[in-house]
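Line by line, the protein sequences give chains A and B.
No gaps in the numbering here: position 12 of the first sequence is 11 in numbering that gives the first Met the number 0, and each next residue is one more.
No gaps in the numbering here: position 151 of the second sequence is 150 in numbering that gives the first Met the number 0, and each next residue is one more.
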Amino acid sequence: MTADRSDSPDMTALADVILRACAAVGNTQSALLPLLHAVQHETGYIDDAAVPLIASALNISRAEVHGVVTFYHDFRRNPAGRHVVKLCRAESCQARGGAAVETVAVSRLGVGMGKTRGDGAVTLEAVYCLGLCAIGPNALVDGRPVARLDAAAIDRIAKSVNA
Amino acid sequence: MTRVFISQDMASIALGVDAVAQAFRDAGCDVVRTGSRGLFRIEPMVEIEDGDRRIGYGPVGPQDVAAILSGSHPNRLGNVADLAFFASQQRFTFARCGVVDPLSDADYAAHGGWRGLEKALGLDRQDVVDCVKASGLRGRGGAGFPTGIKWQTVLGAPGSEKFIVCNADEGDSGTFADRMLMEGDPFCLIEGMAIAAHAVAASHGYIYVRSEYPFAIETMRKAIELAAGRIAPFTLEVREGAGAYVCGEETALLDSIEGKRGQVRAKPPLPALEGLFGKPTVINNVLSLAAVPFILDKGPEAYASVGFGRSRGTMPVQLAGNVRNGGLYEIGFGITLGALVNDIGGGTNSGRPVRAVQVGGPLGAYFPPSMFHLPFDYEAFAEAGGLIGHAGITVFDDSVDMAHMARFAMEFCSVESCGKCTPCRIGSTRGVEVIDRIIAWRGGRQGAGVALPHGLGAALYSRSPERMQSDAAAQTALLRDLCDTMKFGSLCALGGFTPYPVLSALDYFPEDFGAVAAAAEVVEPVR
Chain A
0 MTADRSDSPD
10 MTALADVILR
20 ACAAVGNTQS
30 ALLPLLHAVQ
40 HETGYIDDAA
50 VPLIASALNI
60 SRAEVHGVVT
70 FYHDFRRNPA
80 GRHVVKLCRA
90 ESCQARGGAA
100 VETVAVSRLG
110 VGMGKTRGDG
120 AVTLEAVYCL
130 GLCAIGPNAL
140 VDGRPVARLD
150 AAAIDRIAKS
160 VNA
Chain B
0 MTRVFISQDM
10 ASIALGVDAV
20 AQAFRDAGCD
30 VVRTGSRGLF
40 RIEPMVEIED
50 GDRRIGYGPV
60 GPQDVAAILS
70 GSHPNRLGNV
80 ADLAFFASQQ
90 RFTFARCGVV
100 DPLSDADYAA
110 HGGWRGLEKA
120 LGLDRQDVVD
130 CVKASGLRGR
140 GGAGFPTGIK
150 WQTVLGAPGS
160 EKFIVCNADE
170 GDSGTFADRM
180 LMEGDPFCLI
190 EGMAIAAHAV
200 AASHGYIYVR
210 SEYPFAIETM
220 RKAIELAAGR
230 IAPFTLEVRE
240 GAGAYVCGEE
250 TALLDSIEGK
260 RGQVRAKPPL
270 PALEGLFGKP
280 TVINNVLSLA
290 AVPFILDKGP
300 EAYASVGFGR
310 SRGTMPVQLA
320 GNVRNGGLYE
330 IGFGITLGAL
340 VNDIGGGTNS
350 GRPVRAVQVG
360 GPLGAYFPPS
370 MFHLPFDYEA
380 FAEAGGLIGH
390 AGITVFDDSV
400 DMAHMARFAM
410 EFCSVESCGK
420 CTPCRIGSTR
430 GVEVIDRIIA
440 WRGGRQGAGV
450 ALPHGLGAAL
460 YSRSPERMQS
470 DAAAQTALLR
480 DLCDTMKFGS
490 LCALGGFTPY
500 PVLSALDYFP
510 EDFGAVAAAA
520 EVVEPVR
């Protein structure tokens with residue numbers, strides 16, 4: 000992975016984000032997940048440059064922070080698209096035609112599962128269950144739940160993403 | 000002013016209920032947002048207060064406000080509590096869900112809330128534990144371990160600091176009871192945890208909620224703030240997960256709270272003795288803890304009087320997937336699987352025949368309709384090679400390809416494996432490959448192996464060409480062998496139970512793995 004240096008974060012700002020987050024969630028190892036959530040919430044992803052800062056803030060090793068960032072599916076190491084569509088792939092959605100909807104989503108949004116479109120407009124991701132299992136197929140579109148997805152609903156999502 | 004009750008459950012919102020609520024507010028109504036009643040076919044639904052009754056209309060949209068307020072809308076359902084789907088339930092845990100404003104302490108208290116905690120605080124710790132033991136309550140997360148015995152171990156464990164941890168990392172597809180309860184009646188969970196804290200002398204608790212449930216996280220955090228005075232000196236906090244299914248396993252969850260990778264710990268030591276931060280810890284599922292206020296309030300006999308065999312009390316069953324009346328149905332153990340799927344669930348939503356139901360999430364077995372006589376009971380399901388798990392039932396119609404579902408079970412395990420033990424980490428990937436070969440053989444049916452790209456096949460299987468060349472029968476034998484290794488060699492339920500959906504698919508739907516065709520080919524020459 001090569002990082003585009005022009006996109007690299009402002010280190011002072013990053014340190015400030017971590018400092019403020021630590022004030023809220025604490026500075027023990029147990030605060031690591033809340034801290035990573037806070038950093039991702041503020042900056043959109045966990046930049047590799049944040050790892051040593053977080054390690055030193057919590058007095059743990061960089062390896063421990065790296066290990067956690069890479070273990071959990073939620074944490075991104077690169078910025079996401081401007082819109083994020085999380086499509087459920089679990090059994091209950093499959094029982095209601097989820098696989099067909101996934102194919103439509105990939106073609107209409109113009110991006111593969113787990114990928115961000117070239118123009119940075121949208122990231123399409125798999126999610127395994129949103130707990131809306133009687134009304135699938137389901138998705139989270141920028142955090143907003145959408146149920147009973149069909150081709151028409153995917154078209155509406157594609158339109159809002161492209162707007 | 001007309002009082003209107005409208006759900007703000009995540010599922011209702013996904014169906015567009017917010018626009019309906021806004022339309023009623025614009026029409027000058029007093030809109031109370033509740034949890035969901037749990038029948039999604041009639042949502043978005045609104046309930047108009049009429050004395051003691053609530054007249055439901057659903058499904059409705061924002062354009063229907065005038066017709067609803069005049070009582071002329073065609074989707075009038077009558078008094079919601081009298082609908083057969085609700086009236087036939089035994090709602091012990093979900094009695095308030097869909098009825099009350101989730102964040103109204105007054106509503107909660109008026110509907111029987113906090114009485115269990117009051118009674119518990121008047122009892123000795125041992126008496127509270129005895130009460131939970133007498134109720135027969137078993138862990139609702141899936142394992143079915145007696146909750147009272149777990150509490151007893153923690154109560155008896157030495158140590159000045161103990162914890163209560165609620166496992167709200169409900170990751171199983173087809174389950175949503177935890178989510179509905181946390182969104183619709185969060186005080187119930189808080190009360191259950193406070194009772195547990197009193198019983199074992201714990202001072203702090205964590206609710207570990209998966210990040211896929213943003214609404215539940217928000218509601219729980221607000222509810223904890225509101226209830227702080229009620230549960231003091233006990234304190235609670237919500238921990239948000241980060242998308243790892245394996246953190247639903249209790250020891251992985253504890254590591255996750257500690258700020259580590261969510262990897263499974265070897266047991267012993269039991270979490271009850273050395274749990275969170277090495278301290279004695281009660282770790283229970285949402286539904287186990289939420290059942291406790293009822294048990295303390297109404298008495299253990301009232302809870303234990305319902306049920307079947309050693310499975311006492313009620314189970315909030317979740318009907319999901321391709322089912323007509325999908326939703327939450329709380330009922331005493333013992334009801335048959337067929338009654339749940341056909342009578343209450345109403346069969347498939349597509350109108351096609353039911354072919355398979357998966358009970359208990361991604362690690363649960365697939366059952367055909369010929370097994371619908373099974374009573375909903377921990378032991379009966381275990382005997383039949385399955386599990387109740389978190390009581391999610393995912394229904395599939397006859398368009399399902401069971402080889403594909405078996406492959407998905409292995410794929411899901413490989414995506415979610417924590418990596419600590421080999422049978423799960425490697426076995427799941429090998430499982431996907433074996434099933435891929437079966438599917439390819441089934442498609443080609445010439446008995447030849449699958450050609451892997453880039454000559455990989457030759458490289459990988461140079462020493463065992465017979466495995467690459469073999470037919471579905473040989474591959475199936477290999478798959479069974481692999482399942483055996485995973486079942487008995489894995490550290491936790493993820494690798495250990497992934498064989499359930501795979502083996503049940505093989506056992507009950509062999510035709511999807513090429514077995515019928517193979518048999519026919521053998522029989523033909525004889526004729």
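Here a beta-carbon is modelled for each residue, glycine too, at the ideal position from N, C-alpha and C.
Remember, it's a predicted structure, so these values are computed and weren't measured experimentally.
Check: Using the three-state DSSP reduction, which class does H203 of chain B fall into: helix, strand or coil?; Outcome: strand
Check: Helix, strand or coil: which one does DSSP assign to R406 of chain B?; Outcome: helix
Check: Show which residues of chain B have a CB atom less than 9 angstroms away from the CB atom of H36 of chain A.; Outcome: S210, E239 and A241
Check: Listing by chain order, which chain A residues have their CB less than 8 angstroms from the CB of P166 of chain B?; Outcome: The question names Pro, but residue 166 of chain B in the sequence shown is Asn. Chain A residues near N166 of chain B: none, gap ~15 angstroms exceeds 8 angstroms.
Check: Count the CB pairs spanning the stretch 65 to 73 of chain A and the stretch 254 to 261 of chain B that are closer than 8 angstroms, and state whether there are at least three.; Outcome: yes
Check: Is it buried or exposed for L18 of chain A, if we count other Cβ within 10 angstroms and need 16 for buried?; Outcome: exposed
Check: With 16 other CB atoms within 10 Å as the buried threshold, where does A119 of chain B fall?; Outcome: buried
Check: From the DSSP output, read off the bridge partner residues of I330 of chain B.; Outcome: B:M314
Check: So, for D400 of chain B: in the same chain, excluding its five sequence neighbours on each side, which residues have a beta-carbon less than 7 angstroms away from its beta-carbon?; Outcome: D511
Check: How far does the beta strand (DSSP E) with Q88 of chain B in it reach, from first residue to last?; Outcome: Q88 of chain B -> no beta strand (DSSP E), and no H or E assigned at all.
Check: Around the C-beta of A201 of chain B, are 16 or more other C-beta atoms found within 10 angstroms, so that it is buried, or is it exposed?; Outcome: buried
Check: I'd like the span of the alpha helix (DSSP H) that includes T218 of chain B, first residue to last.; Outcome: P213 to I230
Check: Using a C-beta to C-beta distance shorter than 8 angstroms, which residues of chain A count as neighbours of F39 of chain B?; Outcome: A133 and I134
Check: Can you name, in chain order, every residue of its own chain whose Cβ lies under 8 angstroms from the Cβ of L108 of chain A, other than the five neighbours on each side?; Outcome: V84, R116, V121, L123, I153, I156, A157 and V160
Check: Only counting runs of 4 or more residues, tell me where the alpha helix (DSSP H) segments fall wholly within the stretch 365 to 393 of chain B, in order along the chain.; Outcome: 377 to 382
Check: With C-beta atoms as the reference, is F371 of chain B less than 8 angstroms away from L336 of chain B?; Outcome: yes
Check: Based on the DSSP secondary-structure assignment, which residues constitute the bridge partners of N77 of chain A?; Outcome: For N77 of chain A, which the question treats as bridged, DSSP gives no partner whatsoever.
Check: Since I believe L362 of chain B is in contact with F496 of chain B (beta carbons under 8 angstroms), could you give me their beta-carbon distance rounded to a whole number of angstroms?; Outcome: 4 angstroms
Check: Anything in chain A within Cβ reach of D171 of chain B, meaning under 8 angstroms, just list it in chain order.; Outcome: C128
Check: Quick one, which residues of the stretch 381 to 395 of chain B are near chain A if we go by CB-CB under 8 angstroms, in chain order?; Outcome: G391, T393, V394 and F395
Check: Of all Cβ atoms in chain A, is any one closer than 8 angstroms to the Cβ of G448 of chain B?; Outcome: The predicted model places G448 of chain B with a pLDDT of 48, which falls under 50 and marks its position as unreliable; any figure quoted below should be read in that light. Chain A contact via Cβ: absent.
Check: On the CB-based measure, 16 or more other CB atoms within 10 Å of its CB, does S416 of chain B come out buried or exposed?; Outcome: buried
Check: To the nearest angstrom, how far is it from the Cα of C87 of chain A to the Cα of C132 of chain A?; Outcome: 10 angstroms
Check: Would you say G326 of chain B lies against chain A (beta-carbon separation less than 8 angstroms)?; Outcome: yes
Check: Is the beta carbon of E249 of chain B sitting closer than 8 angstroms to the one on I282 of chain B?; Outcome: yes
Check: To test your reading of the DSSP string, which unbroken alpha helix (DSSP H) runs of 4 or more residues are found completely within the stretch 123 to 195 of chain B?; Outcome: 124 to 134, 146 to 155 and 176 to 183
Check: Closest by CA to G360 of chain B, which one among B:V79, B:R95 and B:G141?; Outcome: B:G141
Check: To the nearest whole angstrom, what separates the beta carbons of I41 of chain B and G15 of chain B, a pair I think is in contact under 8 angstroms?; Outcome: With a Cβ gap of about 14 angstroms, I41 of chain B and G15 of chain B do not count as contacting.
Check: With DSSP as the reference, label G418 of chain B as helix, strand or coil.; Outcome: coil
Check: Scan the stretch 23 to 53 of chain A for residues whose Cβ lies nearer than 8 angstroms to a Cβ of chain B and list them as they occur along the chain.; Outcome: T27, Q28, S29, A30, L31, L32, P33, L35 and H36
Check: Find the nearest neighbour of A89 of chain A within the set B:T146, B:F395 and B:G418, judged by alpha-carbon distance.; Outcome: B:F395
Check: Measure the C-alpha to C-alpha separation of G130 of chain A and C246 of chain B and round it to an integer number of angstroms.; Outcome: 16 angstroms
Check: Return no unless some Cβ of chain B is closer than 8 angstroms to the Cβ of N137 of chain A.; Outcome: yes
Check: What three-state label does DSSP hand G446 of chain B in the structure shown?; Outcome: For G446 of chain B, the pLDDT reaches just 45, beneath the cut-off of 50, and the residue's location in the model is therefore unreliable, leaving the point undetermined.
Check: Kindly indicate which residue of A:D149, A:V105 and A:Q28 has the alpha-carbon position closest to the one of R61 of chain A.; Outcome: A:Q28
Check: Over the uninterrupted beta strand (DSSP E) stretch that includes R88 of chain A, give me the two end residues.; Outcome: That residue, R88 of chain A, is in no beta strand (DSSP E); it is neither H nor E in DSSP.
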